[in-house]
Structures are given as C-alpha cells and as structure tokens.
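2 protein chains.
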Amino acid sequence: MSVKRNSTIRVRLAQMDVVPGRPADNTETMLKAVAEARRDGVALLVFPEMSIPGYLIGDAWEREAFLRECEACGQAIREASDRIVVVFGNVGLDWDKHNEDGRVRKYNACFVAEDRRFMGPGNGPYAFVPKTLLPNYREFDDSRYFYDTRRLAEERGVPLGSLLKPVETRNLSLACVLCEDAWDADYAVSPLAVLADQSFDLAVNISCSPFTVNKNGKRNRVFSAQAERLRRPLIYVNTVGIQNNGKTVYTFDGSSCIYDGLGHQVRLQPAFEPGCLTLDVPLNGALFGDPIDLREDGVAEIDQALVYGTRRFMEQCGVNRVTVGASGGIDSAVVAALYRRILGPDQVLLVNMPSRFNSGATIALARQLAENLECLYAEVPIEDSVRLTVRQLGDLIVSDVAGRWPQRLCLSESMLENVQARDRSSRVLAAVSCAFGGVFTCNANKAEATVGYTTLYGDLGGYLANIADLWKGEVYALGRYMNDTSFGRPVIPGGCFTVTPSAELSSAQNVDEGKGDPLIYPYHDCLFRHWVEPWQRSTPEEILDWYVAGTLERNLGYAGQVAGHFSTARAFVADLERWWNLYQGLGVAKRIQAPPILAVKRRAFGFDHRESQMGAWYSRRYQELKLALLGAAS
Amino acid sequence: MSVKRNSTIRVRLAQMDVVPGRPADNTETMLKAVAEARRDGVALLVFPEMSIPGYLIGDAWEREAFLRECEACGQAIREASDRIVVVFGNVGLDWDKHNEDGRVRKYNACFVAEDRRFMGPGNGPYAFVPKTLLPNYREFDDSRYFYDTRRLAEERGVPLGSLLKPVETRNLSLACVLCEDAWDADYAVSPLAVLADQSFDLAVNISCSPFTVNKNGKRNRVFSAQAERLRRPLIYVNTVGIQNNGKTVYTFDGSSCIYDGLGHQVRLQPAFEPGCLTLDVPLNGALFGDPIDLREDGVAEIDQALVYGTRRFMEQCGVNRVTVGASGGIDSAVVAALYRRILGPDQVLLVNMPSRFNSGATIALARQLAENLECLYAEVPIEDSVRLTVRQLGDLIVSDVAGRWPQRLCLSESMLENVQARDRSSRVLAAVSCAFGGVFTCNANKAEATVGYTTLYGDLGGYLANIADLWKGEVYALGRYMNDTSFGRPVIPGGCFTVTPSAELSSAQNVDEGKGDPLIYPYHDCLFRHWVEPWQRSTPEEILDWYVAGTLERNLGYAGQVAGHFSTARAFVADLERWWNLYQGLGVAKRIQAPPILAVKRRAFGFDHRESQMGAWYSRRYQELKLALLGAAS
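Structure below.
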C-alpha cells in the first residue's frame, strides 16, 4: 500500500441528482461523469450514497428484477474505472445469504472501483463496504431493508473491528463510510473511531441525507469533529434531488464539502445544485484552502427548499399547470406566490370561490394577488351548488323499502360549513384543475394539519401540501421574505397579512367583524409545536405542569402571556383538551387521507411522525394535576 | 431452584383484549384477572406481549409521560402478585441509557412478577426479559423503538448466550420469549435453541401477532417444532382486539394455545374472543390432552375477521351508523351485508345515486339488496348537480385580471366521469352520512386499489376501506359465503353476482349492453396479486418471461387462457404496461390519500406495502424481452 505522503491527489465530489428507482438513468449520468473526470486528470471521483438505485424507494427493494439491474449497473461503473478510483453507493447483494426477513441479503454499500476491479475493506468477505450504522428513526427505514456490518460480525463470529478497515487502491488508502456511520453519537459503536487508529490517506463519507432547515449547522459540527479525530481530510458527498416515502416528500440539498485534517470545512458545494467540486488535496496533512463560515438563515433556506422541492415534485408528476384556491388569506397567497416562482403567468390559475359568507375584502385580496402575480384568475361562486345540495339533502326522508324507521335528515350549521368546503375542492377545483390541464394545491399549514382544522375532501384535498410543514407564523414570515427578497416587491397584498385568519364558512367567521378561526396565533403554533416537533414530544401532562409552575410561556417559547387568552384555569384546560382531542382524534384520521407533505423541518407529518388512530390519551398524572387545579367539579 | 418434576402446575392463559395506548385501562383489566386467578388457585398467569401499552401505537413511544405511566402500571401488577406468578408484556425502560436514536432506552419486554418482586433472566442486567429478535418487515417496526438483547450483548461485550437464561420463580423455572423470538428461521441466532439446552420447566411465548388468513397453520408448524425442540410444554398467549398503523388496521385473533413437549397443540382458545384458558400442566414431560386438528378455511376466516375488525374499528371511532353508496354491484353489496351483520336495520343506510348512465337493473338490485338486508334505503339522483357543474365550469373562460391569456376550459368525457364520482361521495355521501349521524364507507376492492381504478374524493373516499384487501374474486366468494352461511339466505341478490362489473359513469359502461370496467376478472386479479403479495414481488420482467415461456397461467395460478383475452403479443404487452403504469403511477398517488384499509392478508396496502411515488419502472431486460417479442416497432 504505497501511501504517497508528499503528494496531492485530485479529488472530485460529484454532487449528483439521483433519480430514485431509476438505476439505468443514474448509471448513465455516472458513466459520463467518470469519462469527464478521467479526461480532467481526476484520481478520485466520489458519488453519493445509493447513487445507482436511489434511497427512499419504499418496498421496491423487494423486487429481485430491480436488484439485478442495480447490480448490473454497478458492474458497468466498475468496467469504466480504468485509471481512476470511483467511489459510489449501491445496494450490495449476497445472493447466497438472506436477510432476517428471509429475503435476499442486501447491504447499503459503498463501492470502490479502480481499473475494472472492486476493492473491499481489509479481509472482509465482500468487495464493497457495508454501512455499519443503520438509521431507523424519523423517516429512515434502513434496517427494514439492509443487513449491516454489526450483524455480519455477529454472524461470522468476529469482532466488529476486524471488518472496519480502509480500502486499499493502487495509490491510495481510503477510509470509506456511509452517511449515518459518521453520526455516531448515540450508537454503541463508532466506525470512524475504529478507523481513526489505522493507516489511511483520506476519509470519504457518501450520504443521501435529506434537507431540513438548519441541519447543515449540525452536520458541520459533527463532520468537523470527525475530521479532527481522524487527523486526515474528510470528503462528504451528498445527493441533490427529491425522494419520497409516499406521504412525505424530502428535498436533498447536497451541500457536499471537504474538511481538512484540522476539522475546517474548506470547500462547499452550493445547495440544491447538481455539479462537481474538484480539488487537489494534499495527503501530507497540510492545511489547504480557507475555512468557510457557514451561515444559517431559516426562512431563506425554507424558501429555497420549498421552491426546489415543489418544482421537482411537479416535474416528477409531469405537472406544469396548477390551480390554487385563493381565499384572500395568507396561506393560499403564499402557495400561489411559490408556484408563480416556478411557472409562467398562464400556468398558474387562482380561483376564488365565494359563498354568501365571503367578505368583499377577501375577494378583492385574492384578485389583487392574481394581479400582482400576473397569473390567471377566475371567480367561481359556489352559492347555487350549495343551495342545490341543501334543497336535495337538507330534508331528505329515509326509511327502509317498506317504509319503516322513517327519519328526516337535517344538515346542521357545521355540516353546511363542510358542504361548502367540499364543494370548493371536490367539485370546483378538481374539475377546473383537470380542465385547465393540471392539478390543484392543498394550502393547509402545519397548525391546521395538527388539529385537523380542515375539511376532508375539502380544503385538505390537493396533489401536494407544500406548506404543511410550516406553522402559521412561519407562513407569515415566508410571505414577508418573498415580498422583500424573492420577488423584491409586495406581490402578496398587505391585507393578506392583516386580515383575520378565517375559513369564512359561516356568519360566525365574518372577517369584516374581525371574527375568524378559533385558533389563537401564535400561542397555538407554540403549543402544537411542542406536541409534534421535539425529540421527546410533550403531552397535556407537561403543558399543565408548566402552566401550574408558571413557566409555560418560557417552555413553549411563547412571547405573549397565556393569561391574556384564558382568564381562568378552567378556560385554559378546556382549550388544551379541545385541541389535544382533535390532534389525536380526527386530526389523525384526516392526516391518513391527506396529500403528500413537503418536509422542510424535522418531524413533518407522515413518515417522520408515524401515527395510530387511538384517540386522545391523558395520563393519570394529568388527571391528578387537573383535579388539583380545578377541583372535583372538573 | 426447586423444579418439581413430579407435580402439575395450574396455568392460565389470559387471551386479553388489549386497548392500544391505554395503559391504565389495560392494567385495570389485568388486575382483575390476577385477583380471579389467585382465587382460582392458578399458579402461573400469562398475559400477551405489550399487554399494558399496546403494540402498534406509532411514535407514541416517544412520549415520556406515556412511558412513565406504563412503568407505573407494571409496578401495580407487580404489587398485586402475592402468591402467584404473573407473566406480562410491557415496555422495559432503562432511564440511564439511551437508544440509538438518542431517546431513552426501551425494550419490548416480558415481565415475570411473584410476591411483589420482578425476576429477570439469570445474571442479566434487568429485572425483565428483553425481546431478542425484533421484526422489522411487513407492518412491524420493532427496531424503530426498541433495543434488543443482541445490541445489549454487543454493548456489554458479553456473548449473547449469557443473557438468554430462564427466569427462576419460587417453584418454577420459565423460559420466557416474546413473539418473533420463536419465528427464528431467518435469523443468525435462535433464542429458543439457546434456551433448549438449559434446565427449565415450561416455555412461555407472549405475542401480539396480527391475524392474517391461514397464518395459524404456519404458526402451528413453527411452534410445534419449537416445543419438540424444547422437549417441554410451550405456552403461547396472543392478544385479541384491533390495533392500527394509521393506514392499515389489523385484527388480532388470539388463538392462544398450549403445546406439549412432543409438539402437539393440546388446547386452543377460540379466535377473536377475549377469555381465559386454564389447564393443570404436568411438569414431568408427560403427555396431556389430545392433539387438536387445526383446520383452515380461508373465506370463513376472512368473513370472521372482517366483521370483527369492522365492528371494533367502529367502536373505537365511536361510530354506530353507516351510509353505504349502493351501486347494485357486488362490492357495495358485500360491504352493506358486512355492516348489516354489525348494525341494526335503522343504523345502515344504503344510498343509490343514479345519473343518466345508471341502468334500471342495477338500481333495482340496490333496492332489492336494501329490502333483503332490511335496512334503510334512499335514492338520491345526481343528475341536477352534475348538470349545474357542467353549466358552471364546462365553458369557463379564464384569463389574467387584465384579460390576457384567455382560455376556455373544457370538461372532457373522462373528466365528466370523475365529476359524477366526486359528486356522489364528496357531495351526497359526505353530507348524508353526517346528517344520518355517522360515516360513509369506501367499497374499493384490492384490484381497484392496486391500479387506482377509483376516483380520488369520489369512490375512494370513506372512513374505512374494509374490503380493500380482497381481490375481486375473493369479494364474490365472500358474498357467496355470506349468502350460504353467515345469513343462510340470499341477501345479496343473484344479479349482483352476474351483472357486468361497471362504474356506470358513461355510455361506454352500459351494463345493459354487457359493457363495463376495463378489468378482466379473474385474470387481472391473478396478475396484480403477483405484483403485490408474494414475498419477492414480480415485475413486468417476470410476467413477460413467463408469457414467452408459455408458463404464465401456471405461474399466476390463472385457470383461464391468457391467449383468449389478447389475440396478439402486442395487445398482451399493451395491457400489461397499461396496468403496471397505473399501479406504480396514479395508483400510488391515490393510495396515499386513501382511507385506512382493514388487513386480512399478507401485504395489505399501507404499512405492509410501503411505497414511494416514483412512476413506473421497466428493467432493461424487460425492454430487451419486449423488443425480441414485438420487434423494433414497439
């Protein structure tokens, strides 16, 4: 193993746009990149994790035809590796063994090819490096599909360390790991700690790591510390593109980068852009380049991720025309503005659908929004249709065929609210969007999604819910950011920011009288966030604990005063239980039938927030706290 | 450890109805059972796996308030264990350690309590038995939430075998394992093989094992072999009730039983019934009881599971009135008949919603069905509403506010089909079912669900899809079974079995002319089943391979002749690709927004068939096969 301590090596990070489930297409992209790299004198070309098959592909891992094709694609890359070291991700197969589900043995693997040969680590059984740490939390399901180095050591009866060795190429010794292998804080074993004590030139981490806001700061701290521990350069190559788990759509920002042996991030690829980063890396441990100052800016990142993810999802679905139900409120305004960033003026259609409960003010705001965005606009009143439904069903008498058990059905006020919401989405938007040649959007935000403050087959309908991972306050912030920065002019009318949030489905929700939704923003944003987003999710027990201790505002990060909203403890508890019941009750039922959600944060609804329909649970301790606070009458 | 080889021990299997997410309620049930058992002289009382918290509860495992309550409930059982050995399932907590996701350390654990003490296995670190084999396939997510004995051995640097020991009570030595621990065929380690070589009196397997049709035959073979290997009695205690993973609802049949040391199943609890089985089990290895002949009968099991699961799901949702859109076809007829088994005549409302495309024959069948079922019936025509929509939207001209980019929208034939389907569900059924005081059903079958032959917000709507795990042929079989056996009279009219399956949404689907759905039953049933249900799912590559080899019918288990449906290879391939594109394309999008599905078989859609929206994939080899078959013109 001739390690050239006094030379540099030309390294290229291929921040590749991986198309999930399309091994042949990805391989074509990679083969071109290999040829170019060789021409450019690159010695080491690195692709991301699972660059051939894609990563979030669900149970497609169970199709042997797919696995065989992935394997053949990997062989094509191997055969193209004359005079260059190519590192890439693929499924590693052992057709003679099986996984613990009885299916063929699969590894999430890092392949190293050079001169038409694959090289594995040290004296291991495979000509690839299996992933050691398999994430099995949040949206990750690695251990559902893959065997890992730890199981392999157990099966072979050898110490794990004996399988964690560098890969020796002709001129280079590479410590290769995959994604989670570097995020080792909570694991009993650390692959990089084992490798750190061995002799190698460069460390490579290939990843397929979804974007979430502010994640790169954490990643930078983790990888910087790893590079420092390794005392050698560390190369991080991540995917761009989108991949999904059905209910939840993830963007991948790439942000591939290089760390020197002191832990400085010295090169960084732009986020969300496929492309290559090439650098002559000194192998003698010398410093190279200048450390990069990583800046995080939540709303700008969210703006970028939403536009990117929405555009890519549309491309994937073959959609290029979008209909947005525009109510005059902030949610639909932000959604419309996002689409106008992606589509031309004649590809975005805003439809305002007033009933007798809609204010002239919100109708005017919707129209103004369309004017500002220079997109298509139509007003489609729903009053006639709703009246027909009320006439037909409002006094329907049902009985058995012989006339027994006659009963008159009656549509209550709240039923009529839902009739309107369904009329808008399932009748008007569904038909109009088809006739317009595209799809319609779901404009629900995360607060509404949490408590199911939406109508099933009504405003919860749509092909994609692209702001459903944003709390109401974040929707406002994004709207302001788009006006100030993305568009640089107030395309979203000021009135959308100031009008009372309201569904406008009854006279009790009359915005002209300042009446609207029962949600108290931003208090409920803060409350719901604590149920949904923290690593340890809170329940009414913790909330009541904090309320009693007088620390609720501080614990929730709420700038206002809870006492300003609820004059008595009884009112506070009633509100708490009202929304908790909805979050855990109808909210779950509605989320099961909700559109896919574009994730931009930790714990988006769907695959990162797995739910069972069980109804609302209150702990015994909550009941005791409540009794102590309100007395037996509660 | 005084093992009384010449005595018997009174054992009680508590086949308990576990309510998921309700530890206090389950504990109350258990405390009553403990008191009764002591009174009845029972020495060993065994509850199922996770009998305190429930099992399929999603990410509720992330709530520490919930974990604390589960722990307190376990202590309450311990304190009630005077003069009796109580075995039960609960989450085992180690608050000083963490899981690999950074959250508090959790085990899926078997607890053994006696005289107010918990006893763990041998010299292990815990006073409970952790599960060793964590299933992480199909609907199971154990390794998402729990640490296991294998990781524990790795962490402690000890051989796994040192942690797999019997639990010693005052008079009894128990080999305790949990569910999957006995299903060890595909694992590198076998807990029962390790235990078999040690000294103990009885083996206990506590389970929370969902029902699927014909599963008990497999379970019987597995457990019989385990008992034979152990050469000692084996007690299997399983839960009854329902639990769900959001999209997929599972029934639990219990079927708890006892095996003697020769592997004979000698006692079996009735399926789907909570209750206790008590037996004096000889500890000297003597035979006891007579072996039971387990009979499997698919359609009877499915009938039982669907009625049970539907009834329990309704109870859980607090629903006691159901509206069924009754088309006159077999699917809605079977659904209506299932509900009539559960609800009274005035709690089931059939609604027929004809448009101008509906045949008098199917309307009469719907009415006849209601008459036979003696339930409520209403006819709600949708013609006026559809006409209003066509009038309002059919010629809508949209433009921007300044009048630019004007375009006339046009509702095509197929759009009009969907307008009708949505009008029925989102307008009529949604409102009528609310006014009637309940919910409406989704009547889609598995063939329709596979290829998305349903309208979103139309016939795919509903609170539960209870026959969506049945292929069309199975729906017919269930209908016949209900007529012949469950009702013992032809409540489902003969015409429902003979009418051409049709959505009746256009003149091209006129059943009076024998026209209807484009699906060819049972060929497409057989084809789709091979894409969805086998352990190794097939793709068009395998299908075309079989077609070329002339083995398609045999491989699909199709009794007919494929050549009878497709006169040319080109027609066969066009049909194959049409449905594969839908299965992998729009079908996925629709399933994401589909109602919960009641699972009765392996690989129900939802949590047991995880999907990504990626569009249809065809392998290179498929393309080559197709080229060879059809020539370059394809």
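Protein chains in written order, with our numbering: chain D, 1 to 634; chain S, 1 to 634. C-beta: ideal position from N, C-alpha, C; glycine also. On a predicted model such as this, the values are computed, not experimentally measured, just so you know.
Minimum C-alpha distance to residue i - residue among the options
i: N372 of chain D; options: D:L552, D:D186, D:V348; result: D:V348
i: A336 of chain S; options: S:R229, S:G360, S:T441; result: S:T441
i: L277 of chain S; options: S:R321, S:D40, S:G241, S:Q243; result: S:D40
i: A113 of chain D; options: D:L174, D:P540, D:N445; result: D:L174
i: F487 of chain D; options: D:R367, D:A402, D:R341; result: D:R341
i: L369 of chain D; options: S:K131, S:R311, S:A402; result: S:A402
i: S399 of chain S; options: D:P345, D:A430, D:Q623; result: D:P345
i: G120 of chain D; options: D:S255, D:T169, D:V380; result: D:T169
i: G550 of chain S; options: S:V532, S:L56, S:F572, S:P270; result: S:F572
i: S327 of chain D; options: D:D459, D:T251, D:M415; result: D:D459
Collapsed DSSP secondary structure at residue i in the structure displayed
i: P282 of chain D; result: strand
i: R311 of chain S; result: helix
i: E624 of chain S; result: helix
i: L44 of chain D; result: strand
i: T323 of chain S; result: strand
i: M1 of chain S; result: Annotation note: pLDDT 39 at M1 of chain S (below 50); position unreliable, coordinate value reported separately. Here M1 of chain S sits in coil by DSSP.
i: T27 of chain D; result: helix
i: S207 of chain D; result: strand
i: I492 of chain S; result: coil
i: N216 of chain D; result: helix
Cβ of residue i within 8 Å of any chain S Cβ
i: I57 of chain D; result: yes
i: E374 of chain D; result: yes
i: R620 of chain D; result: yes
i: V419 of chain D; result: yes
i: E154 of chain D; result: yes
i: T539 of chain D; result: yes
i: L268 of chain D; result: no
i: V380 of chain D; result: yes
i: Y377 of chain D; result: yes
Partner residues on chain S for residue i, Cβ-Cβ distance less than 9 Å
i: Q536 of chain D; result: E62, R63, E64, R103, V104
i: G461 of chain D; result: S426, L456, Y457, Q593
i: D423 of chain D; result: S426, R427
Amino acids of chain D, ordered along the chain, whose beta-carbon sits closer than 8 Å to that of residue i
i: I592 of chain S; result: G246, K247, P595, P596
i: P345 of chain S; result: D400, R404, W405
Check whether residue i and residue j have beta carbons under 8 Å apart
i: C179 of chain D; j: S199 of chain D; result: no
i: R424 of chain S; j: M353 of chain S; result: yes
i: F272 of chain D; j: Y236 of chain D; result: no
i: L553 of chain D; j: Y622 of chain D; result: Leu is not the amino acid found at residue 553 of chain D; the sequence shown has Glu there. No, Cβ-Cβ distance for E553 of chain D and Y622 of chain D is not below 8 Å.
i: K131 of chain D; j: A153 of chain D; result: no
i: A361 of chain D; j: V511 of chain D; result: yes
i: Q593 of chain D; j: G246 of chain S; result: no
i: N358 of chain S; j: E504 of chain S; result: yes
Chain D within 8 Å of residue i, Cβ atoms only
i: N26 of chain S; result: no
i: R367 of chain S; result: yes
i: R10 of chain S; result: no
i: Q198 of chain S; result: no
Contacts that residue i makes with chain S (C-beta to C-beta distance below 7 Å)
i: C410 of chain D; result: A435
i: E228 of chain D; result: The premise fails here: E228 of chain D is roughly 22 Å from chain S at the closest Cβ pair, so nothing lies under 7 Å.
Proximal residues of chain S, C-beta to C-beta of residue i below 8 Å
i: G21 of chain D; result: S612, M614, G615, W617
i: R150 of chain D; result: E154
i: N588 of chain D; result: It is worth fixing the name first, because residue 588 of chain D is Val in this sequence and not Asn. By Cβ distance, chain S contributes G246.
i: A370 of chain D; result: D400, V401
Per-residue contacts from residue i into chain D (C-beta, under 7 Å)
i: Y137 of chain S; result: D101, R144
Chain D contact residues for residue i, given Cβ-Cβ distances below 9 Å
i: T389 of chain S; result: S385, R427, V428, A431
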